[in-house]
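Asker: Sharing a structure, written as structure tokens. Questions coming.
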Amino acid sequence: MSVLSAVESGYPSAGQPLLNWVSLSLRDHPSSAFTAFRPDWSSALRSSSLSSLLNTQHLESLSGGQYRDSSPCDSISNIVEGLSSLADHFSDLSLTSEPRKPCKRPPSNYLCHLCFNKGHYIKDCPQSPEVFYRERQTERQRQKVKNGKRDRKKETERERERHTDKKKRTKEETQKEKERETQTQRQKKRQRDTQTKEETQKKTESKRERQRESVILTLLPILPPPLQLVFFFFYTNQFNEVNFAPIPLTNQIFVFHQIGNGIKQN
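Here it is, written out as structure tokens:
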């Protein structure tokens, strides 16, 4: 009859007091009491020697009546059977003061102290909050990695879009620069055209002035004094206008001769 079966069958509330009783018994016993009966752990009789040692020590303590008041259980046989089952289950635990290094995989007869199942230690128990939190963290990390891969794909697509946008921007900038250059060239051409027009106008005006001077110098000495004044006044007022086209020299002389002849005839 094991401790678990005894607790489940007849003593549902006696599990924790029984463990308290066992801890009290182990604390009150000095460490020297176990040194004389310490077996050779390298031998094949490891589990049997441990169980016999625990049975003898606790039977002596129970026969002496040291823990009758502290024990909440009624029958001693249940306690002895529980201790023997504990010795069978925890036969791998040594009584040495050296810290035990846990192996990667627990032994076949090892039971977890939390879920009472084989195959793992209590630190690796799936019911412990630390393991649950650890698994949750690992799941979150995996999700982050997956999301990171997806983000990388998106980042590559975004980089391609950015690259295409940069190309478009560079093309637009080059086109704008070309348009600006063409506009500047057109403005320069306009300025040059205006300058050339002004120069041509100045040249034409200078030519007209020279022609007027030559006409005046040629006709004034020929005409009489009253006609000289009329000619000078008429010539200066008519030909100083901008939109008026100047008459050639031959026509001017002919006109003035006709005017002079008409005046003489009258």
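The sequence shown begins at 1 in the UniProt record's numbering and counts up by one.
In this text, a Cβ means the ideal position worked out from N, Cα and C, and glycines have one as well.
What you are looking at is a predicted structure, and each value in this text was computed from that prediction instead of being measured.
Leaving out the 5 sequence neighbours to the left and right, which residues in its chain are closer than 8 Å to SER128 when beta-carbon positions are compared?
Answerer: Within the sequence shown, numbered from 1, the residue matching residue 128 stands at position 128. Excluding positions up to five away in sequence, the list reads LEU114, ILE122.
Asker: Quick check on VAL230: buried or exposed, where buried means 16 or more other Cβ atoms within 10 Å of its Cβ?
Answerer: Reading the sequence shown from its first residue, position 230 is the one you call residue 230. The residue is exposed, with fewer than 16 neighbouring Cβ atoms inside 10 Å.
Asker: Using DSSP with H/G/I as helix, E/B as strand and the rest coil, what is LEU227?
Answerer: Sequence index remark: in the sequence shown, residue 227 carries index 227 (1-based). Reduced to three states, the DSSP call for LEU227 is helix.
Asker: List in chain order: all unbroken beta strand (DSSP E) runs of 3+ residues lying wholly within the UniProt region "Disordered" (136 to 211).
Answerer: Within the UniProt region "Disordered" (136 to 211), no complete beta strand (DSSP E) run reaches 3 residues.
Asker: Residues in its own chain within less than 7 Å of ASN240 by CB, not counting five upstream and five downstream?
Answerer: By one-based count along the sequence shown, residue 240 stands at place 240. Reliability fails at ASN240, whose pLDDT of 47 lies under 50, so the model's placement of it is uncertain and no value is given.
Asker: Could you tell me how far apart the beta carbons of PRO107 and GLY119 are, in whole angstroms, since I believe they sit closer than 8 Å?
Answerer: Within the sequence shown, the letter at position 107 stands for residue 107. Within the sequence shown, the letter at position 119 stands for residue 119. Wrong, their Cβ atoms sit about 10 Å apart, outside the cutoff.
Asker: For PRO221 and LYS202, what's the separation of their Cα atoms in angstroms?
Answerer: As a working mapping, residue 221 is identified with position 221 in the sequence shown. As a working mapping, residue 202 is identified with position 202 in the sequence shown. Rounded to the nearest angstrom, the two C-alpha atoms are 29 Å apart.
Asker: DSSP puts LEU111 in a beta bridge; with which residues?
Answerer: Within the sequence shown, the letter at position 111 stands for residue 111. LYS118.
Asker: Quick check: what's the CA-CA separation for ARG190 versus GLU181?
Answerer: Counted from its first residue, the sequence shown places residue 190 at position 190. Counted from its first residue, the sequence shown places residue 181 at position 181. Whole-angstrom Cα-Cα distance: 14 Å.
Asker: Just verifying my parser: in three-state terms, what is the DSSP assignment at PRO129?
Answerer: Here residue 129 refers to the residue found at position 129 of the sequence shown. Reduced to three states, the DSSP call for PRO129 is helix.
Asker: Report the three-state DSSP secondary structure of ARG105 (helix, strand or coil).
Answerer: Within the sequence shown, the letter at position 105 stands for residue 105. If DSSP states are grouped into helix, strand and coil, ARG105 belongs with coil.
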